[in-house]
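Before any comments, here is the structure.
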Amino acid sequence: MNEQNFEDLLDRHGSDLSLWPENVREEAHELLAQSPAARSMLNAELIVDNVLSDAMVVPNADRLEQKIMARFAAQKRRFAFDQWRAFFWKPAFAATCSLAFGFYLGAANQELPVDLAEDLTYVTFYDHEEWSGDVPDES
Amino acid sequence: MDSPTLKADTDEYLMQQVQQRDESAFSLLVQRHTQSIHAFIYRLCGNQSDAEDIAQETFLRLWQRAAQWTPNTVQLSTWLHQIARNLCIDQFRRERSTKRSSVQETVDLVDSTIDSIEDAAQRRAIRDAIRTLPERQRTAIVLCQVQGWTQQDAAKVLDTTVDGVQALIGRARRTLRGLLMKNNE
């Protein structure tokens, strides 16, 4: 085992050598006996462990639960509005778009082309004559 | 409607009630998770005032986004930690943009808690090391090494694999160790 292997194992298993895989433990102890660099790495790892366990100390959050519930109560009405808006905006948007598209089509086709208007007039009169029995004699 | 498969005191049951806008269930979840969420946020951002603000915002998001949570995909606790972490990241970005050091409070936290290390140079080295840790490494270290989470759960919060979490922890520890060793030379 060299220092590089030792450092990799230190990363993976931490500073407690008793938790290392059994097959590398003895070699690790041998390296520690010989190598000041390995000892230095282990020492630093122990300090890191100390720092991390000290970092567990968290100051008491005074009445935080009450603060959360108070803020929740203050914002509840806004949440209800947001929920209502989230529920309605999609159908409302779709309806508005359909309506706008309908108006656009209606405005764009207000005047029919002359040929089409004549055809429609002819068909209308022809049908009227047919219904009234005055069918023009085509022979 | 109560689910017959869920016990009335489980997070899953309470979340189903919250999804139906039951405020008492929300209150119970707040009581149950406030401490752990606050501790997690405090360890990430290192500032008590920010930690309280972000914790409050985390629970408001829980109420707002309750419909997005589905049981059997992720535990409620993991989901809350994901929300809290994202809010912390937003906070770091805001602080960075206002030229305020995002890790200064972390440094203050460490300053106040590493009295067990008597050597001032070592303390300074650790302070510097924590200042340089990227957010993901810091989160992995806090969840697994400080809060005692499994690497599987931490992987869900960090949206990575267990191998990814191991790599993050390894890199963080190596950084801290390397700086301590350099300081000792």
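Protein chains in written order, with the working numbering: chain A, 147 to 285; chain B, 1291 to 1475. The beta carbon of each residue, even a glycine, is placed where N, CA and C say it ideally should be.
Check                                                                                                                          : Outcome
Where Arg1355/B meets chain A, residues with beta-carbon distance less than 8 Å                                                : Here the premise fails: no neighbours, minimum Cβ distance about 11 Å.
Cβ of Val170/A within 8 Å of any chain B Cβ                                                                                    : no
Residue from Arg1351/B, Gln1346/B, Lys1446/B, Thr1429/B with nearest C-alpha to Gly1460/B                                      : Thr1429/B
Rounded distance between the beta-carbons of Met147/A and Glu168/A, thought under 8 Å                                          : Contact doesn't hold; Cβ gap of about 14 Å is too wide.
Contact set between Pro167/A and chain B, taken where Cβ atoms lie within less than 7 Å                                        : Near Pro167/A there are no residues of chain B at all, since even the closest Cβ is about 15 Å away, more than 7 Å.
Thr1348/B, DSSP secondary structure in three states                                                                            : helix
Supposed close pair Leu1350/B, Phe218/A - CB separation, criterion 8 Å                                                         : 6 Å
Contact under 8 Å by Cβ, Val1436/B with Arg1375/B                                                                              : no
Residues, ordered as in the chain, of the segment 1324-1336 of chain B that lie near chain A by beta-carbon distance below 8 Å : Thr1324, Gln1325, His1328, Ala1329, Tyr1332, Arg1333
Supposed close pair Val194/A, Leu1466/B - CB separation, criterion 8 Å                                                         : 5 Å
Neighbouring residues, chain A, relative to Ser1317/B (Cβ below 7 Å)                                                           : Met215
Among Leu1423/B, Ser1326/B, Gln1306/B, Lys1472/B, the one whose alpha carbon lies nearest that of Arg1355/B                    : Gln1306/B
Nearest neighbour of Cys1378/B, chosen from Ile1327/B, Ala1315/B, Gln1310/B, Glu1302/B [CA to CA]                              : Ile1327/B
Within-8 Å CB hit, Pro182/A to chain B                                                                                         : no
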